[in-house]
Every structure is written in C-alpha cells, then in structure tokens.
Amino acid sequence: MIMVVEENQIVEDLLSQALELVPTALSKARTVKGFTTRWRVIISRLEKIPTCLSDLSSHPCFSKNTLCREQLQTVLQTLKETIELVCVQEKQEEGKLKMQSNLDSLSSKIDLSLRDCGLLMKTGVLSEVTPQPQQEDSETFSVRELLARLQIGHLESKRKALEILVEVMKDDEKGVITSLGRTNVASLVQLLTAASVRENAVTVICSLAESGGCENWLVSENALPPLIRLLESGSSLAKEKAVISLQRLSFSSETSRAIVGHGGVSPLIEICKTGDSVSQAASTCTLKNISSVPEVRLNLAEEGIVKVMINILSCGILLGSKEYAAECLQNLTASNEALRRLVVSENGVQTLLAYLDGPLPQESGVAAIRNLVGSVSTESYEKIVSSLVHVLKAGSVGAQQAAASTICRMATTSNETKRMIGEAGCISLLVRMLEAKGGGAREVAAQALASLVTVPRNCREVKRDEKSVMSLVMLLEPSPSNSAKKYAVSCLAGLCSSRKCRKLMVAHGAVGYLKKLVEMEVPGSKKLLERIEKGKLKSFFSRK
193 MIMVVEENQI VEDLLSQALE LVPTALSKAR TVKGFTTRWR VIISRLEKIP
243 TCLSDLSSHP CFSKNTLCRE QLQTVLQTLK ETIELVCVQE KQEEGKLKMQ
293 SNLDSLSSKI DLSLRDCGLL MKTGVLSEVT PQPQQEDSET FSVRELLARL
343 QIGHLESKRK ALEILVEVMK DDEKGVITSL GRTNVASLVQ LLTAASVREN
393 AVTVICSLAE SGGCENWLVS ENALPPLIRL LESGSSLAKE KAVISLQRLS
443 FSSETSRAIV GHGGVSPLIE ICKTGDSVSQ AASTCTLKNI SSVPEVRLNL
493 AEEGIVKVMI NILSCGILLG SKEYAAECLQ NLTASNEALR RLVVSENGVQ
543 TLLAYLDGPL PQESGVAAIR NLVGSVSTES YEKIVSSLVH VLKAGSVGAQ
593 QAAASTICRM ATTSNETKRM IGEAGCISLL VRMLEAKGGG AREVAAQALA
643 SLVTVPRNCR EVKRDEKSVM SLVMLLEPSP SNSAKKYAVS CLAGLCSSRK
693 CRKLMVAHGA VGYLKKLVEM EVPGSKKLLE RIEKGKLKSF FSRK
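This is the structure:
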C-alpha cells in the first residue's frame, strides 16, 4: 500500500523530504532486475527532479504558494511510489502485465510532475497566485489559481478547478476573461476532448468566444475541430455552447473557410434540422456567415444547404432563424446562376415572397428576391411586385431600399413590366422614398422612377403627385456626395413636357442647381436646363 503524504506539512519540509528521497529512489531503481527498458526511462526522469525542484524553490513566492505545496506533495508521493514499486517487483507480488502497467503509470506520473513544475515557472502563476484562506468545509481559490490548475495536475484536479471556474464566471465573467492568457485558452481547448469535463470546458469557451476578445487565440489553439466534434456527439448543452462558439468565430472569413475544411457544414446543417430554438438559430447564423465566402458556396450547396434554409424560412422556430436563412439565401444567390436556379427549383421564390408578406419584411429577403429576378419567368413578376409594394409600405428603410433596387432591375426587362409595376401602386411609394433620410434610399428611388417614367402612364402618375417635382429638384443638389443627382436629372427630363412641372422646377430652384451640374458635366443636365429655360422664354412672350 502506498504511503500517504501529510496534507498540512509546510513547503520547506516537503522540499527537504523530496530532495532526500530522490537518491534513495534512484539507488533502488538502479538495482532492479527485469523490465530494464522501462526502468531506464524512469531513472532518467528521476534524475531531473532535483534540478526541477531547485528551480522551483528559488522563486521568491515559493514558500507562500499553495500550488507549490501541492506540487511537492505530488512529487513526494511519486518518489515513495517508486520505492514501493521496486519492492513489489523484487517480491514478485504482481503479474507481468500488471507490473508493466504500473511502471508505465509511474513513468507518466513523473513526467507529469516535471512538466507541471516547468509550467509553474514559465506561466508566472507563482507570482500571480496568492494563498487563499480556507473556509470551513470548502476551499476558495483566486481566478489566477483556478486558471493555473487547469494546466497542471491530473484530469480529476482539472475537473474540480473547472467546475469552480464555471461557478465563479456566473458572478464575475468579465473578471475571469480579463485574467486569461493564451496558455489558459490552450488548456481549455485541450479539455474539450475529455468526456468528463468537456461540457464545462465548452461552457467557458463559449463565454470567451462571445466576449469578442479571444477569437484569435481560440482559432490558433485549434479549437475548431473539437467544437465541431461536439456538434456530432456532445450533450444538448454541449452542442448548444459549441454552436454558439462557432457562430461567433465564423464572423471571420478565414475561420469560416476553416470550419468548412474541418467538416463542420454537415453537423451544422443537422442541427438546423433537429436542434432546439437556440441551437437552430445559432447554427443558421453560422451557415449564413460561412455563405458570405464566395468560394465555399458550392460546397454548402452540395451538403444540401439550399433546401434546409428554405425550410427554416418557412418553418423556423424563431424569427431570428428565418432572418438568418433569408440572408444565407441572399449570399448563395449573389453571383452564381446555378445556385439561383437551384433556389428557384426548390420553391425558394414562393417561400421568400411569403416571408416578405409577413408583418416585418427584412432587407435580406428582398435582396434574395432581387438576385433571383433574372432567373424566374416574367409570369412570376406580378406576385413579386405585390410583395414589393407591401415592403415599400411596411418594411424597414433597408428593406424599402432593397425593394426599390429590385424594381429597378425588373424595370429593365420590358415596357409591359414597367406598366405592371406602375399599376401595382409603386409610383407614389417611390416618390415618398425621395424624402427618406438615407441618401442610398433616395438614390435608388430616383433611379427606379427614372426608369419607370419612360412609360407615359407612369409619367402621368408622377406628375400628379404634388411632392414629386420638389423632391426631385432637391436631389439636384450638386454636392459630390449626392449620387442621386444624375437619376433626378433623368427623371425630371421625363416630366419636362408638362408646363406645370417646368414651372414647379423653376420655382424650387432647378435652374441654379442645373447650371452647377452642367459645369460638373452631369449627363443630361445641359439638355434639361435648355428645355426649362426655353419654356421660361415661351412663357415670357406669351404673357407679353
């Protein structure tokens, strides 16, 4: 039976006992007959202990540190185990296989002690960790000490430290995160592969990923592969924490590529199908982030992402999941005609339109429709325009801007399409957008109107709107940052045949704006100015 080290011995006594016991352990180990190869390895490691302990004891905080005492207790226990194992072998009290196992275990323990002593010196925890008072029936540890305990000792001691750390983070997550170093992150990543501790390890890592300050360390310490494996075989909690971690890390394009390279797409898609609401939303967002990288989109399609995203858009548990799915479809259809056709064939257009007809139509859904306009038949345009009218009425500024951009794209097809857009009620809504606060919204509204007014019926409707001319004249402002002015010129040119409109243009200062635009060589501005001034001249002589 192995002798037990007294728990309350002071550090100096433990050091003295260990240094005295090393020669004894070495002497006995060198006399053993049998298993010579294994004993030579053990002897070579025992010979390193004095130097290791000497380095440790030379630290100024050696005698004040709890970790030093525990480390010396471990070393002393291992030395006594070595002496006892020599006696066991000499008496042949164990079978051959059992003895081999004991020797291998002893060798690993000595190696671990040497490594841990080195870590205590290299990581600087001896200076950072201060002794903590013992409370009745429990121990309290500083954050620095807990983090150090994740790097040294056996798995069981790490498990205990990790459990305490999780509890500490519930009250002071920020304090723990600010105390972290790269070596602490590396030790946490290593614990992701140990079944008994990985749930707590991924809980801490999830907090680190969400904090926004440790992403580079997590990726460089190779956290992606074990996180992906947790998606496949972890508990429900572990899966949730792992996918939230990947969601945060995938905001980097480089990391998104790495997730694909490590086989992460398939388990992410599976969670989209079977996960709870939180996991589904996080997984959908992760795939959305990955889909923003053009070169991996075909890989995603091969894994079946299109059908899954369309299903989430239709039946997703949370509204957030649907928004992520719409954005993912927007990314997938941005530049690849084959993917556009795939989305259309999987009933994606109808599903997107149903999503847009909801109470809060989002920009990503409209943008996905805009990408698909050129891949659908014109017979579908009437339904699309109907949904776009709803977006122009009820959507956010971004959604309205995307809707106007989609109308621009559709209006390039034919005059018949332009007439259909006007008849659906888009004109007045686009005119209203000319007064939007965002310059981008004003520009795309002006662009859409400039295209639509080439059809007489649409032009008449713009003329009838009392605010149209004034709003368009305001967009002639010659500032270099005003990119809507060229579309305003084009649109006003379509209205210039009306005497009433010309008078309104003059009244709102169009002549002064246009003279500056002529100097800036804005296309169409010179011709529009000439038409307005010619109209003024005719009006002058008619009055005379």
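Note that the sequence shown covers residues 193 to 736 in this note's numbering.
Here a beta-carbon is modelled for each residue, glycine too, at the ideal position from N, C-alpha and C.
In three-state DSSP terms, what is residue i?
{"i": "M612", "result": "helix"}
{"i": "D468", "result": "coil"}
{"i": "V394", "result": "helix"}
{"i": "Q554", "result": "coil"}
{"i": "P242", "result": "helix"}
{"i": "P215", "result": "helix"}
{"i": "E462", "result": "helix"}
{"i": "Q639", "result": "helix"}
{"i": "I202", "result": "coil"}
{"i": "N294", "result": "helix"}
{"i": "N674", "result": "coil"}
{"i": "Q284", "result": "coil"}
{"i": "F254", "result": "helix"}
{"i": "L626", "result": "coil"}
{"i": "T223", "result": "coil"}
{"i": "D247", "result": "helix"}
{"i": "G631", "result": "helix"}
{"i": "G590", "result": "helix"}
{"i": "K775", "result": "Here the chain has residues from 193 to 736 only, and residue 775 is not among them."}
{"i": "V485", "result": "coil"}
{"i": "H582", "result": "helix"}
{"i": "M645", "result": "Looking at the sequence shown, residue 645 is not Met but Val. V645: coil per DSSP, three-state reduction."}
{"i": "S305", "result": "helix"}
{"i": "E725", "result": "helix"}
{"i": "F733", "result": "Residue placement at F733 cannot be trusted, given a pLDDT of 42 that sits under 50; what the coordinates show is reported in the next sentence. In this structure, F733 counts as helix in the three-state DSSP scheme."}
Tell whether a beta-carbon distance below 8 Å holds between residue i and residue j.
{"i": "L354", "j": "L383", "result": "yes"}
{"i": "S305", "j": "T270", "result": "yes"}
{"i": "A474", "j": "V435", "result": "yes"}
{"i": "L548", "j": "G540", "result": "no"}
{"i": "S483", "j": "L492", "result": "yes"}
{"i": "R562", "j": "S527", "result": "no"}
{"i": "A210", "j": "L245", "result": "yes"}
{"i": "I463", "j": "V500", "result": "no"}
{"i": "L339", "j": "L268", "result": "no"}
{"i": "G590", "j": "E538", "result": "no"}
{"i": "T447", "j": "V411", "result": "yes"}
{"i": "R601", "j": "V565", "result": "yes"}
{"i": "V710", "j": "I724", "result": "no"}
{"i": "S654", "j": "L641", "result": "According to the sequence displayed, residue 654 carries Val and not Ser. Result yes, Cβ atoms of V654 and L641 sit closer than 8 Å."}
{"i": "A603", "j": "S578", "result": "no"}
{"i": "L357", "j": "V368", "result": "yes"}
{"i": "L277", "j": "N294", "result": "yes"}
{"i": "V645", "j": "M697", "result": "no"}
{"i": "V394", "j": "S437", "result": "yes"}
{"i": "K585", "j": "L621", "result": "yes"}
Of the choices the options, whose alpha-carbon is the least far from that of residue i?
{"i": "K707", "options": "E515, S717 and A493", "result": "S717"}
{"i": "K433", "options": "R449, A530, L416 and E446", "result": "L416"}
{"i": "P459", "options": "G426, S484 and G345", "result": "G426"}
{"i": "S469", "options": "I504, S483 and E348", "result": "I504"}
{"i": "A595", "options": "V636, C683 and V389", "result": "V636"}
{"i": "K575", "options": "G590, I599 and E487", "result": "I599"}
{"i": "V583", "options": "G566, L544 and S606", "result": "L544"}
{"i": "E273", "options": "V710, L298 and Q292", "result": "L298"}
{"i": "L667", "options": "V577, L626 and A685", "result": "L626"}
{"i": "T258", "options": "N481, M291, D308 and V203", "result": "V203"}
{"i": "C279", "options": "D308, M313, R222 and K314", "result": "R222"}
{"i": "R336", "options": "D296, E348, L347 and V377", "result": "V377"}
{"i": "L342", "options": "S588, K465, L372 and S569", "result": "L372"}
{"i": "I497", "options": "P418, T476 and C507", "result": "T476"}
{"i": "K659", "options": "A530, A642, R261 and H700", "result": "H700"}
{"i": "P486", "options": "E529, C688 and Q265", "result": "E529"}
{"i": "S643", "options": "C683, E413 and S471", "result": "C683"}
{"i": "R611", "options": "K585, L580 and R649", "result": "R649"}
{"i": "K750", "options": "V396, H346 and E391", "result": "The question about residue 750 has no answer, for the chain in this structure spans 193 to 736."}
{"i": "R656", "options": "S690, K290, N674 and Y679", "result": "S690"}
{"i": "G404", "options": "Q439, R634 and R532", "result": "Q439"}
{"i": "T570", "options": "R533, E608 and L534", "result": "E608"}
Counting contacts by CB-CB distance shorter than 8 Å, is residue i in contact with chain D?
{"i": "G226", "result": "Protein chains in the displayed structure number just one, and chain D is not present."}
Item to complete: Entirely within the stretch 359-385 and at least 3 residues each: give me those beta strand (DSSP E) ranges in chain order.
Response: Counting only runs of 3+ residues, no beta strand (DSSP E) is found wholly inside the stretch 359-385.
Worksheet item: Which runs of the beta strand (DSSP E) fall wholly inside the stretch 391-436 and span at least 3 residues, in chain order?
Response: Under the rule that a run must span 3 or more residues, no beta strand (DSSP E) segment is found entirely inside the stretch 391-436.
Worksheet item: In the stretch 527-576, which residue ranges form an unbroken alpha helix (DSSP H) of at least 4 residues, counting only runs that do not cross its ends?
Response: Runs found: 529-537, 540-548 and 555-564.
Worksheet item: Which residue spans inside the stretch 672-717 form an unbroken alpha helix (DSSP H) run of at least 4?
Response: Complete alpha helix (DSSP H) runs here, min 4: 677-687, 691-699 and 702-711.
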